[in-house]
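Line by line, the protein sequences are chains A and B.
Going by my numbering, the first residue of the first sequence is number 20, and it counts up by one from there.
Going by my numbering, the first residue of the second sequence is number 20, and it counts up by one from there.
Protein chains: 2
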Amino acid sequence: MDKKELILQSALALFSANGYKGTSVRDIASAAEVNVALINYYFNSKEGLFEKVIEYRASFLKTLFDDLLNNTSLSPIEKLDIIIEKTIERKFSDPGFHHLLHRELTLGRSSELADRISDILLQNLVPVKAFIKKGIANGDFKEVDIELTITTLVGSIHYLLTSEIMARKILGKKADFNPFTNKKLIQRLNEHLRQLMRAHLLK
Amino acid sequence: MDKKELILQSALALFSANGYKGTSVRDIASAAEVNVALINYYFNSKEGLFEKVIEYRASFLKTLFDDLLNNTSLSPIEKLDIIIEKTIERKFSDPGFHHLLHRELTLGRSSELADRISDILLQNLVPVKAFIKKGIANGDFKEVDIELTITTLVGSIHYLLTSEIMARKILGKKADFNPFTNKKLIQRLNEHLRQLMRAHLLK
DNA sequence: AAGTTTATTAAACATTTGTTTAGTTTTAAA
DNA sequence: TTTAAAACTAAACAAATGTTTAATAAACTT
Numbered sequence: 020m021d022k023k024e025l026i027l028q029s030a031l032a033l034f035s036a037n038g039y040k041g042t043s044v045r046d047i048a049s050a051a052e053v054n055v056a057l058i059n060y061y062f063n064s065k066e067g068l069f070e071k072v073i074e075y076r077a078s079f080l081k082t083l084f085d086d087l088l089n090n091t092s093l094s095p096i097e098k099l100d101i102i103i104e105k106t107i108e109r110k111f112s113d114p115g116f117h118h119l120l121h122r123e124l125t126l127g128r129s130s131e132l133a134d135r136i137s138d139i140l141l142q143n144l145v146p147v148k149a150f151i152k153k154g155i156a157n158g159d160f161k162e163v164d165i166e167l168t169i170t171t172l173v174g175s176i177h178y179l180l181t182s183e184i185m186a187r188k189i190l191g192k193k194a195d196f197n198p199f200t201n202k203k204l205i206q207r208l209n210e211h212l213r214q215l216m217r218a219h220l221l222k
Numbered sequence: 020m021d022k023k024e025l026i027l028q029s030a031l032a033l034f035s036a037n038g039y040k041g042t043s044v045r046d047i048a049s050a051a052e053v054n055v056a057l058i059n060y061y062f063n064s065k066e067g068l069f070e071k072v073i074e075y076r077a078s079f080l081k082t083l084f085d086d087l088l089n090n091t092s093l094s095p096i097e098k099l100d101i102i103i104e105k106t107i108e109r110k111f112s113d114p115g116f117h118h119l120l121h122r123e124l125t126l127g128r129s130s131e132l133a134d135r136i137s138d139i140l141l142q143n144l145v146p147v148k149a150f151i152k153k154g155i156a157n158g159d160f161k162e163v164d165i166e167l168t169i170t171t172l173v174g175s176i177h178y179l180l181t182s183e184i185m186a187r188k189i190l191g192k193k194a195d196f197n198p199f200t201n202k203k204l205i206q207r208l209n210e211h212l213r214q215l216m217r218a219h220l221l222k
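Listed below in structure tokens is the structure:
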């Protein structure tokens, strides 16, 4: 198999689990079963690899709301439900990667990287913002604070994914409960956010 | 001044800004202007210092809702507003420390520490949970998903504090806007959450 | 004042870190 | 098949890491 790809995969897994500083290039090389020097050969530096890892994985995150939201056969409520569902799906599909992004974002590190990461996180929010704005203009929605409404939507999901231990404690579950893979929790979150957003947005 | 305290203060600032792995004991010693060996003398190890730092700062976070929520002269709506205000205040009072807690929580590190951190974060949510539960039983509130409602409240605030860059982009602000200290933003967030929670909870 | 604990220090220690070098093997083109 | 580029490797490098040691200074105790 392509060793370059193997390095990217191993690095993604290790960075996600242990953080950037918590992962050594030797850890990565060992996991990918390649020579350490190959990392510098392909990616110049550990930092270079890190950037490529984010680029590599970020492409999976695009869910392209645009088509859905421009579909005129759907009611605003139906569109809202889809937004909620897709946003949950995206975050739950890889909590580790989201942790990675947010961890680096909260550090005082290179603002160029922070800039790129925040762009990745934000790209899916732009069409949602436009959708709510349009809904208000149409009179479908109440005059809410658009930006903070989006923050609430994403923040609710994100906070539940903070950590397994945290989620278990909030929900009052036992140690055998895995919040990151539990289908019932995903459904429960969908119902909560649908209810919340309906009450918040609809007149 | 007490050198032990100086170390704790410097360590808190550096761990908050650069993360646990991103901070060396020499960085801390240098900032506190003490000899490196003093860290091990007082705290045995870097890890030991880290735990003491969290303990040291966590005590500031207790806002004691209990008194407020047991005050019968306040209406449920007034209590709700206070909860929102105090929760925002607490998070905004030290975003760096919250970042520190959450960063370590998302890592696969020692689950004993993760346990303690999640307890710190959760301690203020317990009385809120009881408050909503009581409100539902009284008929003041709708039958909402209590745990996820709390998640929404805290998650909304937390997400806005993810990073300065992120907050600026979400809100469409320029580089000179500091979301962490901006009083207007705090007020705006208060208004948003009041509106949101009223629509969500009240019949 | 003598003795004893506590506070503080400079230096050394053993690992681990990311990176480079200089060489070998493999692949592919001419 | 010769040649050149690409892929890969073992070893070494310099710097940074957390921790310990052995010694000294300061602060109490008796």
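Note that the Cβ used here is the ideal one computed from N, Cα and C, for glycine as well.
Treat the numbers as computed from the prediction; the structure is a model and nothing was measured.
Have a look at residue i and residue j and give me their C-alpha separation to the nearest angstrom.
{"i": "A:Lys161", "j": "A:Phe150", "result": "13 angstroms"}
{"i": "A:Thr82", "j": "A:Ser35", "result": "21 angstroms"}
{"i": "A:Ala186", "j": "A:Leu180", "result": "7 angstroms"}
{"i": "A:Ala156", "j": "A:Ile58", "result": "52 angstroms"}
{"i": "A:Ile47", "j": "B:Ala50", "result": "33 angstroms"}
{"i": "A:Gly191", "j": "B:Arg109", "result": "24 angstroms"}
{"i": "A:Ile101", "j": "B:Ile189", "result": "21 angstroms"}
{"i": "B:Leu31", "j": "B:Glu24", "result": "11 angstroms"}
{"i": "A:Val163", "j": "A:Arg122", "result": "30 angstroms"}
{"i": "A:Lys148", "j": "A:Leu221", "result": "16 angstroms"}
{"i": "B:His177", "j": "A:Tyr178", "result": "8 angstroms"}
{"i": "A:His118", "j": "A:Leu33", "result": "12 angstroms"}
{"i": "B:Leu89", "j": "B:Arg207", "result": "Reading off the sequence, residue 89 of chain B comes out as Asn, not Leu. Distance between the alpha carbons of B:Asn89 and B:Arg207 is about 27 angstroms."}
{"i": "A:Lys152", "j": "A:Ile165", "result": "7 angstroms"}
{"i": "B:Leu120", "j": "A:Ser92", "result": "45 angstroms"}
{"i": "A:Gly127", "j": "A:Pro146", "result": "29 angstroms"}
{"i": "B:His219", "j": "A:Tyr61", "result": "52 angstroms"}
{"i": "B:Ile184", "j": "B:Arg45", "result": "29 angstroms"}
{"i": "A:Ser175", "j": "A:Ile169", "result": "10 angstroms"}
{"i": "B:Leu99", "j": "A:Ala56", "result": "58 angstroms"}
Measuring CA to CA, which of the options is closest to residue i?
{"i": "B:Glu74", "options": "B:Glu104, B:Asp86, B:Phe116", "result": "B:Phe116"}
{"i": "B:Thr42", "options": "B:Asn89, B:Lys65, B:Lys98", "result": "B:Lys65"}
{"i": "A:Ser137", "options": "A:Asp164, A:Arg128, A:Glu210, A:Leu124", "result": "A:Leu124"}
{"i": "A:Lys203", "options": "A:Leu93, A:Phe111, A:Asp100", "result": "A:Phe111"}
{"i": "B:Pro114", "options": "B:Met20, B:Glu131, B:Ala77", "result": "B:Ala77"}
{"i": "A:Leu68", "options": "A:Asp164, A:Lys152, A:Leu132, A:Thr200", "result": "A:Leu132"}
{"i": "A:Gln142", "options": "A:Ile165, A:Phe84, A:Leu172", "result": "A:Phe84"}
{"i": "A:Pro95", "options": "A:Tyr60, A:Gly158, A:Thr200, A:Ser182", "result": "A:Gly158"}
{"i": "A:Asn71", "options": "A:Arg135, A:Arg213, A:Asp195, A:Thr200", "result": "Here residue 71 of chain A turns out to be Lys, not Asn, going by the sequence shown. Minimum Cα distance to A:Lys71 is reached at A:Arg135."}
With DSSP as the reference, label residue i as helix, strand or coil.
{"i": "A:Phe160", "result": "strand"}
{"i": "B:Gly154", "result": "helix"}
{"i": "A:Ser147", "result": "The question names Ser, but residue 147 of chain A is Val in the sequence shown. If DSSP states are grouped into helix, strand and coil, A:Val147 belongs with the helices."}
{"i": "B:Leu126", "result": "coil"}
{"i": "A:Phe199", "result": "coil"}
{"i": "A:Asn59", "result": "helix"}
{"i": "A:Gly41", "result": "coil"}
Kindly indicate the opening and closing residues of the alpha helix (DSSP H) around residue i.
{"i": "A:Leu179", "result": "165 to 179"}
{"i": "B:Asn89", "result": "84 to 89"}
{"i": "A:Thr106", "result": "95 to 112"}
{"i": "A:Ser137", "result": "130 to 141"}
{"i": "A:Leu27", "result": "22 to 37"}
{"i": "B:Ala48", "result": "44 to 51"}
{"i": "B:Gly67", "result": "65 to 77"}
{"i": "A:Ala186", "result": "183 to 190"}
Identify every residue that forms a DSSP beta bridge with residue i.
{"i": "B:Leu208", "result": "According to DSSP, B:Leu208 bridges with nothing at all."}
{"i": "B:Leu221", "result": "B:Phe160"}
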